[in-house]
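Written below as C-alpha cells is the structure these notes are about.
Chains as they are written, first to last, in my numbering: chain A, 1 to 396; chain B, 397 to 792.
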C-alpha cells in the first residue's frame, strides 16, 4: 500500500531546489543577467574538447552492438583497468581492476557503499556542515546518521566530540574533502589524527570502522596544491568519486567506488556492490559514457574559473566584515550570516536578487552557502548587490 | 559491519551468467562459430541508424553544458512530454508528462515502483515462470515475493491458484507480457479476467492492488499482431518499460515508469519515485541518452530476425517431439526438457556445444530457456547439434 515512508518525504522540500526554482522564475521577470543565483552546485565550465571528440569517435568507429551493449555489473573490464591505472599513477597505491566498481555518479557510489559496509540499525558518522543528501543516502538504507557538530574556526574536525560519538555500532565514517559546503580541504594533520582514532577504535570494537571518502571535488583545488589523498592515510578507506565536476558531466551520472587495495574485505565489498545493484535496479552505468570517461580520465575541464571566482568573493566578504573560512577548493564558500537565523538572512537577500542558501540543511544553522560556479563577470557584478544588501539590511 | 545480507548473496551464482561465461570460454577452444550460445537475452540487431545519427547530431549541435547537465530527478521535461505523447498516440490513454518517471532501464523502473507501491513486509505476487531478477528487485526492498505456479498448457495464468494467494497484505501483482522466458503474450481474455479479480479484491481489502506491468519486449511481437496494452484493462497499472530491446541499447540503461492517467495516487507515486531515487543514488538517467531516445521513440531496431529465428526453432523442436508453447513475441522459447531434471538436460546439451538455461531459476523446473537473439545462420546450423543431442542422449 503506497509507501508512507516516501510519501511523507514529499512534504520536505529542498531549500536549494526551491531557491533555484525561485531564481529561474525571477530571471523571467528581471532578466537572467540581473539574478545572482548562487544556489545550485552545477558546473559552469564546458567539458574538455577531448571528451566530446572521444564521444564522437566512439560512436563513429565502434560496433554499435558493443558500444551500447550490456556492461558487466561491476563495469566494463577495460574501464575498470583504466580507472585503477589512473589511481595508481596519481596516488601511488597498488589499485587493480578488482578494487573498482563503476557507478551512476558519487550518489550511486555512496548508496552502494553504505549498503555494503553496514546493516540496518548500525551507525554512520559524518561531520557538520555536510552535503544534505547524505541523509537520504544513509537513512533510506536503514542505517542511522550521526552528526558531529561543526568546528567553526577552520571547518576541520571536532575530534573531542567525534571520539565520544563512536561506539560498537559505528560501521563507518563519511567525509567529504574538498568539502561541500565549506570549500575546505582536510589537512594532513586532520587526516592523520582521524586515521589514528579509527585504527584505535576499530581495534577496541573488534571490527574495522570504514572511512567513506566522498571526493567529487578532488580536482577542484586552489593554489596549485593537490588535496591530500584520503586513502593514503587509512587502509580501510572506500573512495566514492564522480566525474560530474572534474569533466562537467553531472547529467551523465558516472563515477566509481574504489576500495583501498589493503582494505579489509575490500574486494568482497566490490563484489557485494554488484549484488546491491541487483536490488536497486542500477545494474551498470551507461556503457557509452563509461568508455568515454575512461579515455579522458587524466583530463579535467578548465577549472581555473572557480579559483578566480573564489578570490573575488572571499576578498569582498572579508572586506564587508563577514566571518568566513577561506575555501581551499570546490566552488562553494560558507560564511556566517549577519543575523542568527540564516533563513531570514537569505530571505532578505532575495530582495537584492541574491540567492544564498541557508546552512540549516547542511547541519550548520546561522551560516549560508554560495555556489560560485557561475560566470566571473556575474560574480563581479554581484558585488554591488551584496554591498547594497549588507548596507541596507545590516547597516555595514 | 560488512552487510551479511549482500555478502551471502555472493554464494548464489546466476545460472545464466555461468552458462554465458562457459560459452565464451568454449568459443576460445573450438571457435565462436561452433558454440550455440542460447544463454543470454542480449539483443542481436543493431540500433536504428537514426538513433546513431541523433546521438551525433545532439553532440555536435547542442551546448555541451545543457547536453551533459543535470536532468531533473524525474527526467528532462521535454523527454517526459515526448514519452507521454508516444504513449497517447499508440495506446489512446491520456498520458501527460506528470505520469512519467525516467529510469535506468526496466530494472530501475521496477525497483522504484516496488518501493513506491509497498512497504517492507507487504506482498507482491508474480506468475511462474518469471524473470529471475524479480527476486532481488522485490526481496531486497523488504517486500515479500509470492509466486503463482505455472499454467503449463499455455503459460497464461492459473487464476484459481492466484485468487487463493491474494490477501490483505497484497500490495501489487507483477506481470511480464510478452514474457521472459516463455515468449507468450497474455491474451485479452487473461488481462480482462486479471482486471476483474484485481478490481474485486481491491474493493474487498479496501486498497488498490496495483498491477506492475514489466514491458521491455512490448515491440517484439510476431505475426504483426500488437500485444494488448496492459494498462488499457486496469486503471491501477504501472508500466515499467526499457528501450534496451526495442532500440538495442541494453548498456545505456534507459527506460521509464508510466502510471495509468487514472491510477489511484499515480501522480503522487511518480513524485515519490524522485524521493526513492535520492536513497538509492539513482538521481536521474543519463541526459544524453534521455534526449536521444526521446527523438527516436517511435522507431525500433529491425526486430524481424527474432521472428525468423523463432519459426526455425519452434518447427524443429515440434518435429523432435518437444512439448512447447509457441512464442508470440520476445526472443525466448521455453520448451519442456526431455528428462525431469532440466539441469542434467542442460549439462548433457553442453557436450554438443548447446547452451540451454534450465528453468529452475525462472520458477519452473523441468523446462529450459533458449534465447534466440543470435544470428539466423547460427540458429540454422544449431539444428544439427540439437538433433544429434536428442538422438544420442534420448534416442529420439
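For each residue, glycine too, the CB sits at the ideal point set by N, CA and C.
With DSSP as the reference, label residue i as helix, strand or coil.
i, result
"residue 517/B", "coil"
"residue 459/B", "coil"
"residue 491/B", "coil"
"residue 734/B", "coil"
"residue 740/B", "helix"
"residue 363/A", "coil"
"residue 113/A", "helix"
"residue 623/B", "coil"
"residue 371/A", "strand"
"residue 499/B", "strand"
"residue 716/B", "coil"
"residue 504/B", "helix"
"residue 483/B", "helix"
What are the start and end residues of the alpha helix (DSSP H) that includes residue i?
i, result
"residue 782/B", "772-790"
"residue 415/B", "411-426"
"residue 194/A", "188-205"
"residue 531/B", "530-535"
"residue 174/A", "No alpha helix (DSSP H) contains residue 174/A, which is instead part of the beta strand (DSSP E) from 170-176."
"residue 561/B", "555-561"
"residue 9/A", "4-9"
By the criterion of Cβ-Cβ separation under 9 Å, what are the contact partners of residue i in chain B?
i, result
"residue 117/A", "397, 398 and 399"
"residue 268/A", "398, 403 and 406"
"residue 69/A", "438, 439, 644, 645, 646 and 647"
"residue 265/A", "398 and 403"
"residue 207/A", "397 and 398"
Along the chain, where does the beta strand (DSSP E) that runs through residue i open and close?
i, result
"residue 542/B", "540-544"
"residue 214/A", "210-214"
"residue 634/B", "633-638"
"residue 218/A", "Per DSSP, residue 218/A belongs to no beta strand (DSSP E) and is neither H nor E."
"residue 397/B", "Taken as a continuous stretch (DSSP letters only), residue 397/B belongs to no beta strand (DSSP E), as it is neither H nor E."
What in chain A is Cβ-close to residue i, meaning under 8 Å?
i, result
"residue 667/B", "10"
"residue 567/B", "1"
"residue 518/B", "1"
"residue 782/B", "What residue 782/B touches in chain A: nothing, since even the nearest Cβ is about 25 Å away."
"residue 598/B", "In chain order: nothing, as chain A lies at least about 11 Å away."
Going along chain A in order, which residues have a C-beta closer than 7 Å to the C-beta of residue i?
i, result
"residue 448/B", "59 and 64"
"residue 533/B", "279 and 281"
"residue 503/B", "281 and 283"
"residue 615/B", "In chain order: nothing, as chain A lies at least about 17 Å away."
"residue 529/B", "278"
Can you pull the chain B neighbours of residue i, defined as C-beta to C-beta under 8 Å?
i, result
"residue 56/A", "452, 455 and 456"
"residue 178/A", "Chain B residues near residue 178/A: none, gap ~20 Å exceeds 8 Å."
Which chain B residues are close to residue i, counting only those with a beta carbon under 7 Å from its beta carbon?
i, result
"residue 47/A", "460 and 464"
"residue 315/A", "Chain B residues near residue 315/A: none, gap ~27 Å exceeds 7 Å."
"residue 275/A", "402, 405 and 406"
Between residue i and chain D, is there a C-beta pair that is closer than 8 Å?
i, result
"residue 760/B", "The structure shown contains no chain D; the protein chains it does contain are A and B."
Check the Cβ of residue i against every Cβ in chain A and list those closer than 9 Å, keeping chain order.
i, result
"residue 683/B", "249, 250, 251, 252 and 253"
"residue 506/B", "281"
- Decide yes or no for the touch test of the segment 124-144 of chain A against the segment 417-437 of chain B: beta carbon pairs closer than 8 Å, at least 3 of them. Result no; under three Cβ-Cβ pairs closer than 8 Å.
- Query: Which runs of the alpha helix (DSSP H) fall wholly inside the segment 229-313 of chain A and span at least 4 residues, in chain order?
  - Reply: Fully enclosed alpha helix (DSSP H) runs of 4 or longer: 266-280 and 287-295.
- Task: Mind the definition here: the segment 484-491 of chain B touches the segment 50-70 of chain A only if three or more C-beta pairs lie below 8 Å; say whether that holds.
- Result: No, they do not touch.
- Message: Quick check for students: name the residue ranges of the beta strand (DSSP E) that lie wholly in the segment 34-79 of chain A, counting only runs of 3 or more.
- Response: Within the segment 34-79 of chain A, no complete beta strand (DSSP E) run reaches 3 residues.
- Is there contact here, the segment 266-284 of chain A with the segment 66-85 of chain A, by at least three beta-carbon pairs under 8 Å? At 8 Å Cβ cutoff, the stretches touch.
- Message: Counting beta carbon pairs with one atom in the segment 728-740 of chain B and one in the segment 585-603 of chain B, are three or more of them shorter than 8 Å?
- Response: As far as the Cβ criterion goes, the segment 585-603 of chain B does not touch the segment 728-740 of chain B, which means the pair count is below three.
- Message: Is it the case that the segment 614-633 of chain B contacts the segment 418-433 of chain B, given that we only count it when at least three CB pairs across the two stretches are under 8 Å?
- Response: With a cut-off of 8 Å on Cβ pairs, the segment 418-433 of chain B is not in contact with the segment 614-633 of chain B, counting fewer than three such pairs.
- Do three or more CB pairs link the segment 614-621 of chain B to the segment 476-485 of chain B at distances below 8 Å? No: the two stretches stay apart, fewer than three of their Cβ pairs being nearer than 8 Å.
- Query: Can at least three beta-carbon pairs, one atom from the segment 491-501 of chain B and one from the segment 535-550 of chain B, be found at a separation below 8 Å?
  - Reply: In short, these stretches do not touch, since the Cβ pair count stays below three.
- Task: For the segment 190-208 of chain A and the segment 243-252 of chain A, state whether three or more C-beta atom pairs, one from each stretch, are separated by less than 8 Å.
- Result: Touching, no, given that fewer than three Cβ pairs across the two stretches are closer than 8 Å.
- Task: Please confirm if the segment 432-448 of chain B is in contact with the segment 694-703 of chain B, defined as three or more CB-CB distances below 8 Å between the two stretches.
- Result: With contact defined as three or more Cβ pairs closer than 8 Å, the segment 432-448 of chain B and the segment 694-703 of chain B are in contact.
- Message: Would you call the segment 108-128 of chain A in contact with the segment 172-183 of chain A, where contact means no fewer than 3 C-beta pairs closer than 8 Å?
- Response: Flag = yes, the segment 108-128 of chain A and the segment 172-183 of chain A touch.
- At a cut of 8 Å, does the segment 98-118 of chain A reach the segment 249-265 of chain A through at least three beta carbon pairs? In short, these stretches touch, since the Cβ pair count reaches three.
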